[in-house]
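Quick mapping for you: the protein sequence lines, in order, are chains A and B. The opening residue of the first sequence carries number 1 in UniProt numbering; numbering runs sequentially from there. The opening residue of the second sequence carries number 1 in UniProt numbering; numbering runs sequentially from there. We put the CB at the ideal spot given by N, CA and C, even for glycine.
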Amino acid sequence: MANRSGTAQRPNGQTQGKICQFKLVLLGESAVGKSSLVLRFVKGQFHEYQESTIGAAFLTQTICLDDTTVKFEIWDTAGQERYHSLAPMYYRGAQAAIVVYDITNQDTFGRAKTWVKELQRQASPNIVIALAGNKQDLANKRLVEYEEAQTYADENGLLFMETSAKTAMNVNDIFLAIAKKLPKNEQNTGQTGSGQGRRLTEDNPDNKTVMNCCK
Amino acid sequence: MDEEYDAIVLGTGLKECILSGMLSVSGKKVLHVDRNKYYGGESASICPLEELFSKFGAPAPDESYGRGRDWNVDLIPKFLMANGSLVKLLIHTGVTRYLEFKSVEGSYVYKAGKIAKVPVDQKEALASDLMGLFEKRRFRNFLIYVQDFVEEDPKTWKDFDPVTQNMTALYDKFGLDKNTQDFTGHALALYRNDEYLNHPAVETIKRIKLYSDSLARYGKSPYLYPMYGLGELPQGFARLSAIYGGTYMLDKPIDEIIFGEGGRVTGVRSGNEIAKCKQVYCDPTYVRDRVRKKGQVIRCICLLDHPIPNTKDALSTQIIIPQKQVGRHSDIYVSLVSYTHQVAAKGWFIAMVSTTIETDNPEAEIQSGLALLGPIRQKFVSISDYYEPTDDGVQSQLFISQSYDATTHFETTCLDVLDIFKRGTGEEFDFTKIKHELGDEEQ
Chain A
1 MANRSGTAQR
11 PNGQTQGKIC
21 QFKLVLLGES
31 AVGKSSLVLR
41 FVKGQFHEYQ
51 ESTIGAAFLT
61 QTICLDDTTV
71 KFEIWDTAGQ
81 ERYHSLAPMY
91 YRGAQAAIVV
101 YDITNQDTFG
111 RAKTWVKELQ
121 RQASPNIVIA
131 LAGNKQDLAN
141 KRLVEYEEAQ
151 TYADENGLLF
161 METSAKTAMN
171 VNDIFLAIAK
181 KLPKNEQNTG
191 QTGSGQGRRL
201 TEDNPDNKTV
211 MNCCK
Chain B
1 MDEEYDAIVL
11 GTGLKECILS
21 GMLSVSGKKV
31 LHVDRNKYYG
41 GESASICPLE
51 ELFSKFGAPA
61 PDESYGRGRD
71 WNVDLIPKFL
81 MANGSLVKLL
91 IHTGVTRYLE
101 FKSVEGSYVY
111 KAGKIAKVPV
121 DQKEALASDL
131 MGLFEKRRFR
141 NFLIYVQDFV
151 EEDPKTWKDF
161 DPVTQNMTAL
171 YDKFGLDKNT
181 QDFTGHALAL
191 YRNDEYLNHP
201 AVETIKRIKL
211 YSDSLARYGK
221 SPYLYPMYGL
231 GELPQGFARL
241 SAIYGGTYML
251 DKPIDEIIFG
261 EGGRVTGVRS
271 GNEIAKCKQV
281 YCDPTYVRDR
291 VRKKGQVIRC
301 ICLLDHPIPN
311 TKDALSTQII
321 IPQKQVGRHS
331 DIYVSLVSYT
341 HQVAAKGWFI
351 AMVSTTIETD
361 NPEAEIQSGL
371 ALLGPIRQKF
381 VSISDYYEPT
391 DDGVQSQLFI
401 SQSYDATTHF
411 ETTCLDVLDI
421 FKRGTGEEFD
431 FTKIKHELGD
441 EEQ
């Protein structure tokens with residue numbers, strides 16, 4: 001699953017800009033707002049009492065950057081982080097990750113650091129990692145200082161923003177920042193990039209490659 | 001863990017993961033546990049390479065093997081039939097979107113010490129060097145018959161009743177000789193032994209059709225193989241289960257399955273924790289006292305730094321050695337995958353030779369398979385017992401899967417899973433329960 005970049009051909013023959021597709025994974029302790037961030041980014045919605053993740057673990061959203069369309073294929077943990085049971089498949093071929101913590105909960109920041117280490121161990125060495133201090137709307141109950149997180153992010157080469165899925169603050173921005181940092185050339189598929197296999201579909205078995213699988 | 005579940009699934013092998021996914025999708029509250037700290041049980045792919053070497057007690061691999069993390073070595077070799085049940089399950093459940101596949105490049109059959117491409121269409125039949133000139137024509141007529149055959153339309157049966165008449169009778173109708181019968185039954189219909197000859201011909205016709213329909217789907221061969229190894233399959237179905245609310249715990253020892261009144265399961269104990277449940281689904285390794293040994297399978301993993309000779313340098317292939325060619329009762333299977341599937345470091349190949357054990361010198365039994373491979377850099381032999389449950393589980397509500405057999409594909413795997421699901425829930429799996437709109441938010 002990697003950089004399936006290519007040039008999209010419109011039916012009328014007109015050529016669009018480049019389309020790049022990236023796998024982005026979310027990580028972080030339960031209840032820090034991983035699903036809420038995605039829901040805000042993809043659908044512009046927010047639910048105060050978002051259920052634990054059920055049934056929504058594969059979302060896509062596109063961002064336009066100059067002449068390039070960046071399509072994110074976003075993987076949510078589906079709760080498998082709870083008992084440390086995330087499968088290697090989750091990290092496989094991921095080109096970007098958002099590690100989320102809750103600014104009102106110091107433990108979740110500690111866990112975020114563990115997730116960053118896990119990514120450095122399991123994921124592609126070229127992965128773009130962003131740290132999101134979520135629930136910024138609850139800044140009056142803050143227990144993780146902005147500077148502390150910023151210092152940690154700088155030391156580890158991470159993008160960093162405080163976000164609020166509730167107010168939408170910095171939600172689009174953090175995805176945009178990731179999109180800007182991702183390599184857009186076809187060759188740059190990273191170490192664990194696409195094996196150039198094909199996805200199986202019911203209707204178009206003759207689709208020989210998935211190099212350009214924009215739907 | 002101290003909660004109550006509809007079902008607890010033990011072991012994260014492929015069968016258990018498919019079951020877990022199907023149960024969660026059907027609205028059941030599922031707890032899925034594995035004593036190992038990795039997914040896949042016996043159907044895992046081993047990574048890194050160092051772990052494979054130490055698992056078999058071999059000294060660590062030298063640097064010629066490249067980076068250990070680039071390897072994902074399957075313990076059980078299988079391919080997916082492109083038009084088979086597992087592909088259908090993957091597509092209907094949406095699990096296919098977590099995976100990428102490649103077509104297996106070659107499909108060969110062994111005859112008189114040599115290997116030849118398996119002929120499947122009329123053109124190939126006429127070009128094949130497996131048969132003489134007249135036999136080729138007879139085989140072509142047979143293929144046309146199978147191709148035109150429609151089970152529901154007796155007109156296509158052409159004065160032959162495939163339900164009451166057996167396969168030997170159909171071979172005789174077309175005058176096919178023993179050699180042709182051999183590769184038809186074993187390399188096209190993929191039977192492991194010759195019992196099928198006495199069964200209704202329709203069964204074999206359907207299997208040959210599955211082969212040719214699978215071939216028609218992606219070309220080259222009827223087989224598919226997932227990038228990064230077969231171990232991706234259980235992980236994909238586990239994810240499906242989790243998306244539908246399944247709870248996952250790895251690295252959790254299981255100390256006891258608890259039974260209550262009438263010998264029905266009531267829960268599972270791990271240390272001091274007890275999870276209550278109405279049903280347990282598991283693989284044979286969790287219930288040694290409720291399974292019986294049915295046979296043994298030998299599997300030999302061979303690391304090669306070259307493709308298999310005489311396969312046109314295919315980066316993936318399957319070779320079937322029909323039993324009679326080497327004086328046996330069950331076929332020998334050779335499969336090859338390589339770096340192109342992200343299961344080996346650049347330039348490396350993984351061959352697996354396997355068969356059902358018939359003698360007390362199993363390694364000698366696979367010799368004719370090993371001899372096809374050329375120089376072997378490293379060899380790991382494993383012998384596994386093949387278990388089946390002693391009862392159907394309906395009374396105890398403890399449903400046990402069968403061990404993975406020696407077949408080269410997943411058809412029997414899926415049959416077992418669908419059968420267990422039916423016994424466990426009293427109904428066939430309803431694919432319409434999968435809410436695509438929840439799982440798939442494609443723009």
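Whole-number beta carbon distance between residue j and residue i, since they are thought to touch under 8 Å
i	j	result
leucine 188 of chain B	phenylalanine 142 of chain B	Actually they do not touch by this definition, with Cβ atoms about 10 Å apart.
aspartate 102 of chain A	lysine 34 of chain A	At roughly 10 Å, the Cβ-Cβ gap does not stay under 8 Å, so aspartate 102 of chain A and lysine 34 of chain A are not in contact.
leucine 304 of chain B	arginine 377 of chain B	6 Å
tyrosine 339 of chain B	glycine 347 of chain B	6 Å
threonine 68 of chain A	lysine 184 of chain A	5 Å
leucine 37 of chain A	threonine 167 of chain A	No, leucine 37 of chain A and threonine 167 of chain A are not in contact; Cβ-Cβ is about 12 Å, not under 8 Å.
arginine 207 of chain B	leucine 190 of chain B	6 Å
tyrosine 91 of chain A	leucine 119 of chain A	7 Å
isoleucine 254 of chain B	threonine 266 of chain B	Isoleucine 254 of chain B to threonine 266 of chain B, Cβ: 15 Å. No contact.
DSSP three-state assignment for residue i, whether helix, strand or coil
i	result
leucine 303 of chain B	strand
tryptophan 75 of chain A	strand
threonine 266 of chain B	strand
glycine 110 of chain A	helix
histidine 409 of chain B	strand
isoleucine 376 of chain B	coil
isoleucine 308 of chain B	coil
lysine 180 of chain A	helix
arginine 292 of chain B	strand
aspartate 137 of chain A	helix
proline 59 of chain B	coil
glutamine 122 of chain B	helix
glutamine 120 of chain A	helix
threonine 164 of chain B	coil
threonine 359 of chain B	coil
glycine 236 of chain B	helix
threonine 151 of chain A	helix
threonine 167 of chain A	coil
serine 241 of chain B	helix
glutamine 147 of chain B	helix
Exposure of residue i, with buried meaning 16 or more beta-carbon neighbours within 10 Å
i	result
glutamine 395 of chain B	exposed
arginine 423 of chain B	exposed
cysteine 64 of chain A	exposed
glycine 93 of chain A	buried
serine 64 of chain B	exposed
serine 54 of chain B	exposed
arginine 40 of chain A	buried
alanine 165 of chain A	buried
isoleucine 383 of chain B	exposed
alanine 87 of chain A	buried
glutamate 100 of chain B	buried
Beta-carbon proximity list for residue i, same chain, < 7 Å, skipping 5 on both sides
i	result
glutamate 135 of chain B	Asp177 and Thr180
glutamine 187 of chain A	Reliability fails at glutamine 187 of chain A, whose pLDDT of 41 lies under 50, so the model's placement of it is uncertain and no value is given.
glutamate 428 of chain B	Lys422
histidine 329 of chain B	Asn193, Gln323 and Glu358
arginine 142 of chain A	Ile103 and Thr104
Residues bridged to residue i (per DSSP)
i	result
histidine 32 of chain B	B:Val9 and B:Tyr248
methionine 22 of chain B	Bridge partners of methionine 22 of chain B: none, in fact.
aspartate 74 of chain B	B:Ser45
methionine 161 of chain A	A:Ala132
arginine 198 of chain A	B:Phe101
aspartate 385 of chain B	B:Gln296
leucine 24 of chain A	A:Ile74 and A:Ala96
phenylalanine 349 of chain B	B:Leu304 and B:Ser338
aspartate 102 of chain A	A:Asn134
Distance cut-off 8 Å: residue i Cβ against heavy atoms of the ligand SAH
i	result
phenylalanine 139 of chain B	Ligands displayed in this structure: none; no statement on the ligand SAH is therefore possible.
Nonlocal neighbours in the same chain, by C-beta distance under 8 Å from residue i, ignoring five residues either side
i	result
arginine 140 of chain B	Gln122, Ala125 and Leu126
aspartate 283 of chain B	Leu10, Gly11, Gly13, Lys15, Glu16, Gly41, Glu42, Ile400, Ser401 and Ser403
arginine 82 of chain A	Ser30
phenylalanine 149 of chain B	Thr156, Trp157, Pro162, Ile205 and Lys209
aspartate 430 of chain B	Ser26
valine 42 of chain A	Leu59, Thr60, Gln61 and Ile74
Beta-carbon contacts of residue i that lie in its chain and below 6 Å, excluding the five residues immediately before and after
i	result
leucine 24 of chain A	Phe72, Ile74 and Ala96
isoleucine 301 of chain B	Met352 and Phe380
Residues that residue i contacts on chain C, provided the C-beta gap is smaller than 8 Å
i	result
glutamine 80 of chain A	Absence of chain C from the displayed structure is noted, the protein chains being A and B.
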